[in-house]
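Encoded as structure tokens, the structure appears first; notes follow it.
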Amino acid sequence: MEEDTKRKKIMEEDRITALPDDILHSILSLVPIRDAARIAVLSRRWRYLAKSLSNLHFESDNILGDRFPLEYFHELDNVNERRAFSLERKLEFVKAVDQFLESRPCSIKMKSLRICMSLETTYTSFLDKWIAHAFSSGIEELHLQLCEWEYGLSDVEVERYSFPFHMLTHREASLKCLTLEYVMVRCPPNFHGFKSLTTLSFIDVKVSLDDLGEILSTCSILERLSLVSCSLVSLEIPCSCSRLKHLKIINCDGLKNVSINAPNITTFVYTGSMRNISFGESLQLKHIEYNYKEDMLDGIECVFGRLPHIVVHLESLKLYFCSYKKYIETKSFPEYFPQFAKLKQLQMKCFLYSYCDLLWRIPFLRACPFLEELRLKIVYCRAFRHSHYREEVMELVPRCPLELLKRVKINGFSGFWHEIAFASLLLKNAVNLETMIIDCHHKCYGEDEKQKHMNMAKP
Numbered sequence: 020m021e022e023d024t025k026r027k028k029i030m031e032e033d034r035i036t037a038l039p040d041d042i043l044h045s046i047l048s049l050v051p052i053r054d055a056a057r058i059a060v061l062s063r064r065w066r067y068l069a070k071s072l073s074n075l076h077f078e079s080d081n082i083l084g085d086r087f088p089l090e091y092f093h094e095l096d097n098v099n100e101r102r103a104f105s106l107e108r109k110l111e112f113v114k115a116v117d118q119f120l121e122s123r124p125c126s127i128k129m130k131s132l133r134i135c136m137s138l139e140t141t142y143t144s145f146l147d148k149w150i151a152h153a154f155s156s157g158i159e160e161l162h163l164q165l166c167e168w169e170y171g172l173s174d175v176e177v178e179r180y181s182f183p184f185h186m187l188t189h190r191e192a193s194l195k196c197l198t199l200e201y202v203m204v205r206c207p208p209n210f211h212g213f214k215s216l217t218t219l220s221f222i223d224v225k226v227s228l229d230d231l232g233e234i235l236s237t238c239s240i241l242e243r244l245s246l247v248s249c250s251l252v253s254l255e256i257p258c259s260c261s262r263l264k265h266l267k268i269i270n271c272d273g274l275k276n277v278s279i280n281a282p283n284i285t286t287f288v289y290t291g292s293m294r295n296i297s298f299g300e301s302l303q304l305k306h307i308e309y310n311y312k313e314d315m316l317d318g319i320e321c322v323f324g325r326l327p328h329i330v331v332h333l334e335s336l337k338l339y340f341c342s343y344k345k346y347i348e349t350k351s352f353p354e355y356f357p358q359f360a361k362l363k364q365l366q367m368k369c370f371l372y373s374y375c376d377l378l379w380r381i382p383f384l385r386a387c388p389f390l391e392e393l394r395l396k397i398v399y400c401r402a403f404r405h406s407h408y409r410e411e412v413m414e415l416v417p418r419c420p421l422e423l424l425k426r427v428k429i430n431g432f433s434g435f436w437h438e439i440a441f442a443s444l445l446l447k448n449a450v451n452l453e454t455m456i457i458d459c460h461h462k463c464y465g466e467d468e469k470q471k472h473m474n475m476a477k478p
């Protein structure tokens, strides 16, 4: 009898509610917002805990759940029905987010807010209100990720949202991280800037050079800047960004020239085909990730050949490139590469068009005498062709001393003669090599592609 009473008491005891607020906040932060809202009905304490969540993430999946499944959308044949479904889905999302934020007092600190949605101009006022609420709550991280296309309707382009700089006044003082995607950025005349901002990311943002310059000039402690698919013709990073350390420029295809005057940049990531890049006196640059869309040698000559002071300090380099086309056609190796005197880590992703393409990397390795780690990923292009001058190419391959090279990893190895020749050259020249990993896994799309790849490997 006594044991039954004890068991009943244990079952009735709410041990979870007895946990400290910090632990319960951690638990709630791991569940979708819609579930946190449901938990709030359990008691006053749970209601307070749900409202006082400091990291908020609003997107369709964690708000709507399975109420508007994509499978049902695809079953609709009529375009008007699809459009109606999409609008209803968006309305429910807006109502749910608005209701949650309305119930949350501004006096409660908000650390981060992430909103992912496609926006109708009808709901612009709601988004303005949510952002104002976030700044009133002392927001530190704001991620506004809007969609270019209507949900499920790839032919219905959504109008860009204009970020409400005019609403900020001095309430943005707490903001440390800002991510904007598919928005319009225009600075008002009385723009005060982001005094505490350390991280800024623009993704598919429409912004003028003057407005971006205005923003950057007021971000005196900015450390990370990322520009992805932005509508820029030119870019200038002012010297006032003296704390900027990490700069990323990805697929800004309209960009004609970049001038970087920030003196303390240590990491630079670039994807594109632009040639006019100036680093000023950025003598701290130690890490570069360079994805050049054209002939890679042109990119190397453009960036490294003209800027020897950058090459001298580099410690790690990631290169993604295609063939040295003009050297393949003339069957001659480039005679000169800038010397990377401090480079210790090199990672290359090679898109190969010919058997000879891989061996054209040897002269580049020769320019890295202090290299300690090499990672190579091989990708074969559809236009891959056989070589009829194997012996000629092998005779042209220069000696490549790599006395400090200790670690090598090659991904996408298929056993072709040029791969074996490349690996053999490394083994011969890297006299202190400790490990070489050969990974034969590669992507094959369908049986036809797989069979084609196997046929290519045959002698």
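Under our numbering, the first residue of the sequence shown is numbered 20, with each subsequent residue one higher.
C-beta atoms are modelled at their ideal positions from N, C-alpha and C, and glycine is treated no differently.
- Cβ-based neighbour list, H460, same chain, cut-off 6 Å, excluding 5 preceding and 5 following: On the sequence shown, residue 460 is found 441 positions in, with the first residue counted as 1. Around H460: no qualifying Cβ.
- Indicate whether V204 and D230 have their beta-carbon atoms separated by less than 7 Å. Taking the first residue of the sequence shown as position 1, residue 204 is located at position 185. Taking the first residue of the sequence shown as position 1, residue 230 is located at position 211. In terms of Cβ geometry, V204 and D230 form a close pair [threshold 7 Å].
- Item | Beta-bridge partners of Q364, as assigned by DSSP | Numbered from 1 along the sequence shown, position 345 holds the residue referred to as residue 364. For Q364, DSSP records a beta bridge to S335 and E392.
- Message: Quick check: the Cα distance between S156 and T217, rounded to an integer number of angstroms?
- Response: Along the sequence shown, read from residue 1 onward, the residue named residue 156 stands at position 137. Along the sequence shown, read from residue 1 onward, the residue named residue 217 stands at position 198. Each residue's alpha carbon lies about 19 Å from the other.
- Backbone CA spacing between L333 and I307 [nearest angstrom]: Here residue 333 corresponds to residue number 314 of the sequence shown, with the count starting at 1. Here residue 307 corresponds to residue number 288 of the sequence shown, with the count starting at 1. Distance from the CA atom of L333 to the CA atom of I307, rounded to whole angstroms, is 8 Å.
- Query: Between F389 and L423, is the Cβ-Cβ spacing less than 7 Å?
  - Reply: Residue mapping note: residue 389 aligns to position 370 of the sequence shown, counting from 1. Residue mapping note: residue 423 aligns to position 404 of the sequence shown, counting from 1. In this structure, L423 lies closer than 7 Å to F389 by Cβ.
- Query: Do you know offhand how far L19's Cα is from V252's?
  - Reply: In the structure as shown, the chain begins at 20 and stops at 478. Residue 19 is therefore absent and cannot be evaluated.
- Minimum C-alpha distance to L304 - residue among L362, T198, E78 and K275: Here the question's residue 304 lines up with position 285 in the sequence shown. Of the candidates L362, T198, E78 and K275, L362 places its Cα closest to the Cα of L304.
- Message: Given this structure, state the Cα-to-Cα distance separating V450 from L421, to the nearest angstrom.
- Response: Locating residue 450 in the sequence shown gives position 431, counting from the first residue. Locating residue 421 in the sequence shown gives position 402, counting from the first residue. For V450 and L421, the distance between alpha carbons rounds to 7 Å.
- For P39, does the count of other Cβ atoms within 10 angstroms reach 16, so buried, or fall short, so exposed? Working through the sequence shown from its first residue, we reach residue 39 at position 20. Burial call: exposed.
- Query: Are E255 and S278 closer than 7 Å when you measure CB to CB?
  - Reply: On the sequence shown, residue 255 is found 236 positions in, with the first residue counted as 1. On the sequence shown, residue 278 is found 259 positions in, with the first residue counted as 1. Yes, the Cβ-Cβ distance between E255 and S278 is below 7 Å.
- Item | Integer-rounded CB distance, given that F359 should sit under 8 Å from C387 | As a working mapping, residue 387 is identified with position 368 in the sequence shown. As a working mapping, residue 359 is identified with position 340 in the sequence shown. With a Cβ gap of about 5 Å, C387 and F359 count as contacting.
- Applying the criterion that 16 or more other CB atoms from any shown protein chain within 10 Å of the CB defines a buried residue, is W436 buried or exposed? Taking the first residue of the sequence shown as 1, we reach residue 436 at position 417. With a threshold of 16 other beta carbon atoms within 10 Å, W436 falls short and is exposed.
- Task: Please classify D223: is it buried, with 16 or more other beta-carbons within 10 angstroms of its beta-carbon, or exposed?
- Result: Your numbering for residue 223 matches position 204 in the sequence shown. With 16 or more other Cβ atoms within 10 Å, it is buried.
- Should L187 and W149 be called a contact, given that it needs their Cβ atoms to be closer than 7 Å? As a working note, residue 187 is residue 168 in the sequence shown. As a working note, residue 149 is residue 130 in the sequence shown. A distance of 7 Å or more separates the beta carbons of L187 and W149.
- Query: Quick one, which of C238, S220, T198 and F154 has its alpha-carbon nearest H211's?
  - Reply: On the sequence shown, position 192 is the one that residue 211 refers to. If you compare the alpha carbons of C238, S220, T198 and F154 with that of H211, the shortest gap goes to C238.
- Task: Ignore the nearest five residues each way along the sequence and tell me which others in Y142's own chain have a CB closer than 7 Å to its CB.
- Result: Counting from one through the sequence shown, the residue named residue 142 turns up at place 123. So the list reads V113, once near-sequence residues are dropped.
- Task: Name the two residues that bound the continuous alpha helix (DSSP H) containing D458.
- Result: Residue 458 sits at position 439 when you count from the first residue of the sequence shown. Element bounds for D458: not the alpha helix (DSSP H) but the beta strand (DSSP E), T454 to D458.
- S126 - DSSP class collapsed to helix/strand/coil: Counted from its first residue, the sequence shown places residue 126 at position 107. S126 falls in the coil class under three-state DSSP.
- Helix, strand or coil for K109 per DSSP? For the purposes of this step, residue 109 is identified with residue 90 of the sequence shown, where counting begins at 1. DSSP places K109 in helix when its eight states are reduced to three.
- Message: Between which residues of its own chain and K267 is the CB-CB distance below 6 Å, once the five residues before and five after are set aside?
- Response: As a working note, residue 267 is residue 248 in the sequence shown. The answer, listed in chain order, is S245 and V288.
- Starting from N430 and walking both ways along the beta strand (DSSP E), at which residues does that stretch end? Locating residue 430 in the sequence shown gives position 411, where the first residue counts as 1. DSSP places N430 inside the beta strand (DSSP E), whose first and last residues are R426 to N430.
- What are the boundary residues of the alpha helix (DSSP H) that includes L438? Within the sequence shown, residue 438 is the residue found at index 419, counting from 1. The sequence given here places Glu at residue 438; Leu does not occur at that position. That run of the alpha helix (DSSP H) goes W436 to N448.
- Item | Residue span of the beta strand (DSSP E) that contains I307, given as start and end | Within the sequence shown, residue 307 is the residue found at index 288, counting from 1. H306 to Y311 is the extent of the beta strand (DSSP E) around I307.
- May I ask you to report which of helix, strand or coil DSSP gives Q118? On the sequence shown, residue 118 is found 99 positions in, with the first residue counted as 1. Reduced to three states, the DSSP call for Q118 is helix.
- Drop a sphere of 10 angstroms on the beta-carbon of K109, count the other beta-carbons inside from all chains shown, and report buried for 16 or more, exposed for fewer. Taking the first residue of the sequence shown as 1, we reach residue 109 at position 90. The residue in question, K109, is buried, as its Cβ has 16 or more Cβ neighbours within 10 Å.
- Task: Tell me whether M136 sits in a helix, a strand or coil according to DSSP, three-state version.
- Result: Indexing the sequence shown from 1 puts residue 136 at position 117. Reduced to three states, the DSSP call for M136 is strand.
- Task: Going by CA-CA distance only, name the one from I158, P124 and L274 that's closest to C249.
- Result: On the sequence shown, residue 249 is found 230 positions in, with the first residue counted as 1. Cα-wise, what sits closest to C249 is L274.
- Task: Pull up the distance between the alpha-carbon of C125 and that of F298, whole angstroms please.
- Result: Within the sequence shown, numbered from 1, the residue matching residue 125 stands at position 106. Within the sequence shown, numbered from 1, the residue matching residue 298 stands at position 279. Roughly 44 Å between the two C-alpha positions.
- Task: Identify whether Y408 lies in helix, strand or coil by the three-state DSSP scheme.
- Result: Along the sequence shown, one-based indexing puts residue 408 at 389. Only weak support is given to the placement of Y408: the predicted model assigns it a pLDDT of 48, under 50, and the value that follows is read from those uncertain coordinates. In this structure, Y408 counts as coil in the three-state DSSP scheme.
- Report the residue from Y311, T286, I284 and I134 whose alpha carbon sits nearest the alpha carbon of M293. Stepping through the sequence shown from its first residue, residue 293 is reached at position 274. If we check each option's Cα against that of M293, Y311 comes out closest.
- Message: On the CB-based measure, 16 or more other CB atoms within 10 Å of its CB, does G291 come out buried or exposed?
- Response: As a working note, residue 291 is residue 272 in the sequence shown. When all chains shown are included, G291 counts as buried.
- Item | Boundaries (first-last residue) of the beta strand (DSSP E) holding F77 | Within the sequence shown, numbered from 1, the residue matching residue 77 stands at position 58. Looking at the DSSP string, the run of the beta strand (DSSP E) that includes F77 is N74 to F77.
- Decide if S137 is buried, meaning its Cβ has at least 16 other Cβ atoms within 10 Å, or exposed. Within the sequence shown, the letter at position 118 stands for residue 137. Residue environment: S137 is assigned as buried (16 or more neighbouring CB atoms within 10 Å of its CB, all protein chains considered).
- Message: Please classify K128 as buried or exposed, where buried requires at least 16 other C-beta atoms within 10 Å of its C-beta.
- Response: Here residue 128 refers to the residue found at position 109 when the sequence shown is read from its first residue. The residue is exposed, with fewer than 16 neighbouring Cβ atoms inside 10 Å.
- Task: Give the straight-line distance between the Cα atoms of K469 and P357, rounded to the nearest whole angstrom.
- Result: Here the question's residue 469 lines up with position 450 in the sequence shown. Here the question's residue 357 lines up with position 338 in the sequence shown. Here the model assigns K469 a pLDDT of 39, short of 50, so the residue's position is not dependable and the matter cannot be decided.
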